[in-house]
Amino acid sequence: MDAPEGVVIEGLYTIGSLGTVAQSGKSDIDFWLCCRLENLSEADAAGLRRKCELLEEWASERFGLEAHLFLMDTASVRENNFGASSGESSGTAQALMLKEEFYRTALRLAGARPAWWLVPPGACQKTYDRAVERLPRGFGDRFIDLGHVPGIPQREFFGAALWQIVKALKHPFKSVMKFALLEKYTEEPSGTLLCDAVKANIQNGSLELWRIDPYALLFMKVAAFYDRRSNRAALDLIRTAFLLKANIRGEASRAGIPARRDELSARRFLALETGCGRLGGQPARMDEDGGLPRLIEVGRGVNSFIVQTYLRVRKRWLQSGEAAIHPNDLTKLGRRIFAAFAPREHKVGRLFITGLDGRGPDQLAFSANRPAAPSAYLLHCGQRDPRTRRLEPLELKRAGDLAWLAAWAVANGLYTENVDVRADYTVSPVIARDLADLMARLCEFFPLAETFDTDIDEGLNPERVVRAMLVLNLLEPREATRIRSISIIHSTNWGEMFCKTVGVDDDTPRLSPMLFLAGSVAQHLPSPPALAVFRPRHAACPDIVRGGLDSTAGRE
Numbered sequence: 007m008d009a010p011e012g013v014v015i016e017g018l019y020t021i022g023s024l025g026t027v028a029q030s031g032k033s034d035i036d037f038w039l040c041c042r043l044e045n046l047s048e049a050d051a052a053g054l055r056r057k058c059e060l061l062e063e064w065a066s067e068r069f070g071l072e073a074h075l076f077l078m079d080t081a082s083v084r085e086n087n088f089g090a091s092s093g094e095s096s097g098t099a100q101a102l103m104l105k106e107e108f109y110r111t112a113l114r115l116a117g118a119r120p121a122w123w124l125v126p127p128g129a130c131q132k133t134y135d136r137a138v139e140r141l142p143r144g145f146g147d148r149f150i151d152l153g154h155v156p157g158i159p160q161r162e163f164f165g166a167a168l169w170q171i172v173k174a175l176k177h178p179f180k181s182v183m184k185f186a187l188l189e190k191y192t193e194e195p196s197g198t199l200l201c202d203a204v205k206a207n208i209q210n211g212s213l214e215l216w217r218i219d220p221y222a223l224l225f226m227k228v229a230a231f232y233d234r235r236s237n238r239a240a241l242d243l244i245r246t247a248f249l250l251k252a253n254i255r256g257e258a259s260r261a262g263i264p265a266r267r268d269e270l271s272a273r274r275f276l277a278l279e280t281g282c283g284r285l286g287g288q289p290a291r292m293d294e295d296g297g298l299p300r301l302i303e304v305g306r307g308v309n310s311f312i313v314q315t316y317l318r319v320r321k322r323w324l325q326s327g328e329a330a331i332h333p334n335d336l337t338k339l340g341r342r343i344f345a346a347f348a349p350r351e352h353k354v355g356r357l358f359i360t361g362l363d364g365r366g367p368d369q370l371a372f373s374a375n376r377p378a379a380p381s382a383y384l385l386h387c388g389q390r391d392p393r394t395r396r397l398e399p400l401e402l403k404r405a406g407d408l409a410w411l412a413a414w415a416v417a418n419g420l421y422t423e424n425v426d427v428r429a430d431y432t433v434s435p436v437i438a439r440d441l442a443d444l445m446a447r448l449c450e451f452f453p454l455a456e457t458f459d460t461d462i463d464e465g466l467n468p469e470r471v472v473r474a475m476l477v478l479n480l481l482e483p484r485e486a487t488r489i490r491s492i493s494i495i496h497s498t499n500w501g502e503m504f505c506k507t508v509g510v511d512d513d514t515p516r517l518s519p520m521l522f523l524a525g526s527v528a529q530h531l532p533s534p535p536a537l538a539v540f541r542p543r544h545a546a547c548p549d550i551v552r553g554g555l556d557s558t559a560g561r562e
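To convert a position in the sequence shown, counted from 1, into our numbering, add 6.
Here you go:
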């Protein structure tokens, strides 16, 4: 029996920030492993994908690197077929947009060189095909034909917009820049593609950072685009996104004469006048420009920018009437965006506050607008000034439900075990310890990644409750001997959290918690969700009849 033929690996490349000013110690690394998979059996292809997964795990365990090794079929890439969307793959949501990014940022690690490098910038499809056909004999194996990007059709922009919104939920600053480029391509479809601009500048012998670094050139192009439209808010946001992502000022501001050409170019880059002023005159870090209030302001700015830009791109899509995206991908991405941004009754919304990383609040303080009969509860945060050590208060949120407000603090990553939790007399009988216990329990029962970053394929399934916590008598007198109210905090398979407080007038919640839950929430319960119970310390009300529940009371 003949030995099976091995898979033909044609090249290994990176795509993204690696090798650009946007690379940092926290950057993930995306690889394209381009192979000829057409003659590979499904079992062998699955085995090769599993090997890629094992290499990703090895990189994480051995080096602490977040690596994504994408197994790419050369023929499929050439035809702009990138499969179905997943947590890391855009699928049909963007094809030529993805290929444009690849040609703009690709680094060849091994194997053949992309034939696209041989083609003049701005070449048409016919010129590209002719160049590939005319490769000298013997040179064909040295180059790989991954297809051309003569332009990006309007019908692809809507799917690409959906994908960038989904990516922004995890990497807002990186996606804000790409989203801005997407709008530029939408509004200026006949303009030069960024990949062609990089190639032209390299071929012309330019050595300046802002002409040949893909990320720096991206910033310059979108800054000029928004400057022409006098969009000040977008300019400020992309400036912040660039400085936080690139972290270029530290490298460019070293004392002494620059030792390398790239250091000198970086200094010239920071001195350039852009639509948002000189980069060298702007704060390079969040803590240089207002600390936590600035973080929250930028988080709100990211939300607003994404939603407003999406609406503009969507308007163009509705006018054109077509989108190059598979219906399943449209459903999955649409529902992930719906879960992140759409307001719904009792929904615990998120701000997508970025860059906390140890710069979160030192204190969370809860109060009510008036004692005895409050109509609103308030959450203030405090962050100590590093110079004066004074605590600077900031009102974050107000809501009609105290349990909802506690869930909101957890969902937005504001509560940690080191935060000082305060509660004044206006929220009596609730004390600070009750709220600290509740938020600690919520953090444990609703892990952020597991709760909000659910499998994107769940968007094809009906909405259902997956986890629920029943908070008993939070605002009732501690001596109450029966359950009078329950705050239901629950999450769904689509990645949303809700909180609803209801009055209780019988024993149904205590004796049949699943029956009570099914009758109290808007989402379906086709199967019993993971269920937990929280009772404040010293509450005299009875517990839920467990029957296998994950029950937790605030104990001394």
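For each residue, glycine too, the CB sits at the ideal point set by N, CA and C.
query = For Met226, which residues does DSSP report across the bridge?
reply = Paired residue(s): none; Met226 is not in a bridge.
request  = Thinking Ala73 and Ile21 are a contact (beta carbons under 8 Å), I'd like their distance in whole angstroms, please.
outcome  = Going by Cβ atoms, the distance from Ala73 to Ile21 rounds to 12 Å, so no, they are not a contact pair.
request  = Below 8 Å on the Cβ atoms is my guess for Phe149 versus Ala118; work out the distance and round it to an integer in Å.
outcome  = 5 Å
request  = Could you tell me if Arg396 is buried or exposed, where buried requires 16 or more neighbouring beta carbons within 10 angstroms of its beta carbon?
outcome  = exposed
C-beta neighbour in chain D for Ala442, strict 8 Å = Of the protein chains in this structure there is only one, and it is not chain D.
task = Please classify Lys184: does DSSP put it in a helix, a strand, or coil?
result = helix
Identity of the residues DSSP links to Gln369 by a beta bridge = Gly388, Asp426
task = Grab me the residues of Leu61's own chain with a C-beta within less than 8 Å of its C-beta, minus the 5 sequence neighbours each way, in chain order.
result = Ala73, Leu75
request  = Could you check if Asn87 is buried or exposed, using at least 16 other CB atoms within 10 Å of its CB as the buried criterion?
outcome  = exposed
query = Are Val527 and Ile494 closer than 8 Å when you measure CB to CB?
reply = yes
inquiry  = If you follow the beta strand (DSSP E) that Ser491 is in, where does it begin and where does it stop?
reply    = 491-498
query = Is it right to say Trp38 is buried, meaning 16 or more other beta carbons lie within 10 angstroms of its own, or is it exposed?
reply = buried
request  = With distances taken Cα to Cα, identify the nearest neighbour of Gln29 among Leu77, Gly17, Ile550, Phe179.
outcome  = Phe179
message = Checking the sheet assignment: what are the DSSP bridge partners for Thr432?
response = In the DSSP output, where bridge partners are listed per residue, Thr432 has none listed.
ask   = Mind checking Pro519: buried by the 16 CB within 10 Å criterion, or exposed?
value = buried
task = Return helix, strand or coil for Cys130, following the three-state DSSP convention.
result = coil
query = Under the rule that 16 or more other beta-carbon atoms within 10 Å means buried, what is Asp202, buried or exposed?
reply = buried
Pairwise C-alpha distance: Tyr19 and Leu43 = 17 Å
ask   = Whose C-beta lies closer than 6 Å to the C-beta of His530 among residues of the same chain, with five residues either side of it excluded?
value = Arg470
key: Residues of its chain near Lys173, where Cβ-Cβ distance is below 6 Å and the 5 sequence neighbours each way are ignored   = Ser181
query = Do the CB positions of His496 and Ala524 come within less than 8 Å of each other?
reply = no
request  = Identify the continuous beta strand (DSSP E) that holds Pro333 and give its terminal residues.
outcome  = Careful: Pro333 lies outside any beta strand (DSSP E), inside the alpha helix (DSSP H) at 333-347.
inquiry  = Using DSSP's beta-bridge definition, name the partner residues of Ala73.
reply    = Ile35
ask   = Do you know whose CA, among Phe69, Asn207, Arg541, lies nearest Glu485's CA?
value = Arg541
request  = Output the distance between the C-alpha atoms of Asn467 and Ala51, rounded to the nearest integer angstrom.
outcome  = 27 Å
query = What residue range is occupied by the uninterrupted alpha helix (DSSP H) comprising Gly117?
reply = It is not in any alpha helix (DSSP H) - Gly117 instead sits in the beta strand (DSSP E) that spans 113-117.
query = Which residues mark the beginning and the end of the beta strand (DSSP E) in which Cys505 is found?
reply = 503-509
ask   = For Gly17, which residues does DSSP report across the bridge?
value = Cys40, Gly117
inquiry  = Tell me the DSSP secondary structure of Ile437 in three-state form.
reply    = coil
query = Closest to Lys321 by CA distance: which of Glu351, Gln160, Leu517 is it?
reply = Gln160
message = On the DSSP bridge list, what partners appear for Ile150?
response = Pro120
ask   = Starting from Leu476 and walking both ways along the beta strand (DSSP E), at which residues does that stretch end?
value = 471-478
query = So who's on the other strand from Pro399, going by DSSP bridges?
reply = Gly388
ask   = Leaving out five residues before and five after Ala502 in sequence, what residues of the same chain have Cβ atoms less than 7 Å from its Cβ?
value = Inspection of the sequence shows that residue 502 is occupied by Glu rather than by Ala. Same-chain partners within the cutoff: Ala345, Lys353.
message = Assuming Arg541 is part of the beta strand (DSSP E), what are its boundary residues?
response = 536-541
query = How should Ser23 be labelled, buried or exposed, when 16 other C-beta atoms within 10 angstroms of its C-beta is the threshold for buried?
reply = buried
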